[in-house]
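Asker: With the working numbering as the guide, the letters of the sequence shown map in order to residues 4 to 270. We treat Cβ as the ideally placed atom computed from N, Cα and C, and that holds for glycine. Shown below is the structure under consideration.
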Amino acid sequence: MAKEYSKENSKNSRCCFEVRDNSISYSDLEIPYEIVRSKRKSLSIMIAVGGKVTVKIPIRATKADVIRLLENKGDWIYDAYKKQVLRERKGIEVREGAILPYLDQTFRLHVVFNPTRQAANISIKEYVQHLQGFEEVLNIETPLTDPNFLIECLEAWYKKNARNIITMKVEQYAKSMGVTYGRISIRSQKSRWGSCSSAGNLNFNWHLIMMPSKILEYVVIHELAHRMEMNHSKRFWEIVSKFCPEYKQRIIWLKEQGISYELFIKE
4 MAKEYSKENS KNSRCCFEVR DNSISYSDLE IPYEIVRSKR KSLSIMIAVG
54 GKVTVKIPIR ATKADVIRLL ENKGDWIYDA YKKQVLRERK GIEVREGAIL
104 PYLDQTFRLH VVFNPTRQAA NISIKEYVQH LQGFEEVLNI ETPLTDPNFL
154 IECLEAWYKK NARNIITMKV EQYAKSMGVT YGRISIRSQK SRWGSCSSAG
204 NLNFNWHLIM MPSKILEYVV IHELAHRMEM NHSKRFWEIV SKFCPEYKQR
254 IIWLKEQGIS YELFIKE
């Protein structure tokens, strides 16, 4: 069922985004929209299953009216779009043989039930596959077969590795860029891949560990650049470009592909 939000229910947006002629650009997502004029008296936004966004407006409504509506509905559009898109997609099933992304490689999941264990154990093993050469396997030895328990184990493993890898990358690039930083936190952020506070504390989305390393590194560089320039000014992007010349391609990749990595296990 499509979701609709009318002008009368508007509120100020909390998300960081920019309304463009045919799309709304968020930090991690680009959402296209279509304008449909009719004899209706009010403005509204409809988001269909699959994510198609339609802005329905009166015949006499102006572009400024549309922009004002979209700016007021920024949070709602973001949340509803993701929910409608996710309804059409399936996450990675936690089952024997599932393919799990990890930086520039993938692991095949192998689940071993061992009721004598007190806690789950995750390890990486290398198995020989007929006609396929060597294949790395993520081996989970678990006392429980409950899928939700396996989900928790996998997320804990990803988060632990995300902390280790991201911390290492932050140390590496902070030294190259000549900046300092405070605390590093790994979180499940709703609408950001990373953030930097005025005190220099850095937050990163743990899903980055599932993406190609060049994407993770771009986000690290982006946040460290805020240690020199807190806003997204021309100077800020010049700093980012110095350490990540292909940053524009990284941004496009995140907006087009990033949402698919949020489909891991849970919607």
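Have a look at Asn167, Thr109 and Leu157 and flag the residue whose alpha-carbon is nearest the alpha-carbon of Phe124.
Answerer: A small fix is needed here, since residue 124 is Asn in this sequence, not Phe. Closest option to Asn124, Cα to Cα, is Leu157.
Asker: Check this for me: beta carbons of Leu227 and Met171, under 8 Å apart or not?
Answerer: No, they are not a contact pair.
Asker: Where do the N-terminal and C-terminal ends of the alpha helix (DSSP H) with Ser244 fall, by residue?
Answerer: Looking at the DSSP string, the run of the alpha helix (DSSP H) that includes Ser244 is Lys237 to Phe246.
Asker: Buried or exposed for Asp31, going by 16 or more other Cβ atoms inside 10 Å?
Answerer: Answer is buried; the Cβ neighbour count reaches 16.
Asker: Just the C-alpha distance for Ala177 and Thr183, rounded to the nearest angstrom, thanks.
Answerer: If I take the Cα positions, the gap works out to 6 Å.
Asker: Report yes if the C-beta distance between His235 and Gly197 is below 8 Å; otherwise report no.
Answerer: Cβ distance not < 8 Å, so His235 and Gly197 don't count as in contact.
Asker: Would you kindly work out how many angstroms separate the C-alpha atoms of Leu103 and Val222, rounded to a whole number?
Answerer: About 21 Å.
Asker: Going by DSSP in three states, Arg225 sits in which element: helix, strand or coil?
Answerer: Residue 225 is actually His in this sequence, not Arg. Of the three classes helix, strand and coil, the one that applies to His225 here is helix, per DSSP.
Asker: Just the Cα atoms here: how many angstroms apart are Gly112 and Ala101?
Answerer: The sequence as given places Leu at residue 112; Gly does not occur at that position. Each residue's alpha carbon lies about 5 Å from the other.
Asker: Taking Ile40 as part of the beta strand (DSSP E), name the residues at either end of that continuous run.
Answerer: For the record, residue 40 in the displayed sequence is Arg; it is not Ile. Glu33 to Ser41 is the extent of the beta strand (DSSP E) around Arg40.
Asker: Over what stretch of residues does the alpha helix (DSSP H) that includes Ile262 continue unbroken?
Answerer: From DSSP, the alpha helix (DSSP H) with Ile262 extends over Tyr250 to Tyr264.
Asker: Which whole-angstrom value describes the C-beta separation of Phe116 and Glu139, a residue pair presumed to lie in contact below a C-beta threshold of 8 Å?
Answerer: In fact, because the Cβ distance is near 21 Å, the residues do not count as touching under 8 Å.
Asker: Using C-beta distances below 7 Å, list every residue in its chain close to Ile60, excluding the 5 sequence neighbours before and after it, in chain order.
Answerer: Answer for Ile60: Ile38, Arg40, Leu46, Asp68 and Val69, listed in chain order.
Asker: For Gly54 versus Gln87, is the C-beta spacing smaller than 8 Å?
Answerer: Yes.
Asker: Using 10 angstroms around the beta-carbon of Lys85, count the other beta-carbons present and answer buried if the total reaches 16, otherwise exposed.
Answerer: The residue is buried, with at least 16 neighbouring Cβ atoms inside 10 Å.
Asker: May I ask which residues mark the beginning and end of the alpha helix (DSSP H) holding Ser179?
Answerer: Note, Ser179: alpha helix (DSSP H), Pro150 to Met180.
Asker: Which of the three DSSP states is assigned to Arg190 in this structure?
Answerer: It is a strand residue.
Asker: Using the three-state DSSP reduction, which class does Ser26 fall into: helix, strand or coil?
Answerer: In the structure shown, Ser26 sits in a strand (DSSP, three-state: E or B).
Asker: With the cut-off set at 8 Å, would you say Val56 and Ile34 are in Cβ contact?
Answerer: Going by C-beta atoms, Val56 is nearer than 8 Å to Ile34.
Asker: Gly261: buried (16+ other C-beta within 10 angstroms of its C-beta) or exposed?
Answerer: Label assigned to Gly261: buried.
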